[in-house]
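Asks:
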Amino acid sequence: MNNKIIAQGLEDLFCDKRITIVYGVLKRLHITPLHSDYDDLFQEGCLAYAAAYADFTNQPSTTNLAAFAYQRIYWRLLDLLRRRQYGEGLQEYSLDDQPLLECGQTDPALGHVLNAAYFTALARHCSLNQRRYLHAKLNHQLSDRQIADYYAVSPAAVYQWKKGLIAKARQLNYNEEGFGVTK
Numbered sequence: 019m020n021n022k023i024i025a026q027g028l029e030d031l032f033c034d035k036r037i038t039i040v041y042g043v044l045k046r047l048h049i050t051p052l053h054s055d056y057d058d059l060f061q062e063g064c065l066a067y068a069a070a071y072a073d074f075t076n077q078p079s080t081t082n083l084a085a086f087a088y089q090r091i092y093w094r095l096l097d098l099l100r101r102r103q104y105g106e107g108l109q110e111y112s113l114d115d116q117p118l119l120e121c122g123q124t125d126p127a128l129g130h131v132l133n134a135a136y137f138t139a140l141a142r143h144c145s146l147n148q149r150r151y152l153h154a155k156l157n158h159q160l161s162d163r164q165i166a167d168y169y170a171v172s173p174a175a176v177y178q179w180k181k182g183l184i185a186k187a188r189q190l191n192y193n194e195e196g197f198g199v200t201k
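Mapping of the sequence shown onto the working numbering: position 26 corresponds to residue 44, and the numbering continues sequentially without gaps.
1. What is the DSSP secondary structure of R36, reduced to helix, strand or coil?
2. Would you tell me roughly how many angstroms separate the C-alpha atoms of V40 and R102, rounded to the nearest one?
3. Assuming T75 is part of the alpha helix (DSSP H), what are its boundary residues?
4. Output needed for L31: all residues of its chain with C-beta closer than 7 Å, excluding positions within five of it in sequence on either side, in chain order.
5. Where are the alpha helix (DSSP H) runs, 4 residues long or more, that stay fully inside the region 145-196, in chain order?
6. In the structure shown, what three-state DSSP assignment does T50 receive?
7. Taking Cβ positions, are G2 and Y71 nearer each other than 7 Å?
8. Which residues mark the beginning and the end of the alpha helix (DSSP H) in which N21 is found?
9. Which residues in the same chain as I23 place their Cβ atom closer than 6 Å to its Cβ, once the five residues preceding and following it in sequence are excluded?
10. Should Q189 go down as buried or exposed, given a rule of 16 or more other Cβ atoms within 10 Å for buried?
11. For S161, which of L146, K186, Y177 and A84 has the nearest alpha-carbon?
12. Note down the Cα distance separating Y88 from A187, rounded to an integer number of angstroms.
13. Rounded to the nearest angstrom, what separates S172 and L99 at their Cα positions?
14. Considering only residues of the same chain and omitting the five flanking positions on each side of L47, which have a CB-CB separation below 7 Å?
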């Protein structure tokens with residue numbers, strides 16, 4: 019690709035409200051400004067638009083630049099999100115920075131499956147507030163302060179949820195037959 023055409027594509031993006039194409043793709047992917055990678059994904063979307071603009075000028079059969087660019091941006095950002103999700107999905111989770119399962123260290127895929135089973139079993143034994151804490155930590159990676167703000171409770175209440183959750187996690191043990199609660 020020619021740098022001059024890429025530069026023209028970026029200029030075209032910022033005129034005539036074409037930037038809304040990038041915002042539309044981000045909205046379709048449920049990426050809000052609160053997302054930790056929002057700025058990076060926005061920049062990737064702008065670069066994908068410029069690349070689509072360059073390819074569009076080389077394909078006279080295509081008539082609608084906006085639809086062509088929208089689809090290219092969507093594919094690019096979706097591909098990036100899938101790669102990141104796959105990489106993050108293989109890590110071992112712990113609530114208090116202690117490894118939960120030692121066998122997950124040898125095989126990352128096995129560790130991921132065992133972690134999912136462990137947290138599912140843990141959620142069944144928790145109160146509603148402890149499940150809220152678990153969900154916010156694992157699925158949204160929120161800090162304790164953000165959880166308190168989201169649920170409109172004090173940080174001390176969130177600390178109690180966390181403390182109770184960790185106590186339940188320690189009660190839940192893993193053996194060859196599966197998970198069980200120790201008394």
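For every residue, glycine included, the Cβ atom is placed at its ideal position computed from N, Cα and C.
Replies: The structure says:
1. coil
2. 20 Å
3. Y56 to T75
4. I37, C64, Y67 and A68
5. 146-158, 162-169 and 173-189
6. coil
7. The structure shown does not extend to residue 2, since the chain spans only 19 to 201, so no value can be given for it.
8. N21 to L31
9. A72
10. exposed
11. Y177
12. 45 Å
13. 33 Å
14. L95, L96 and L99
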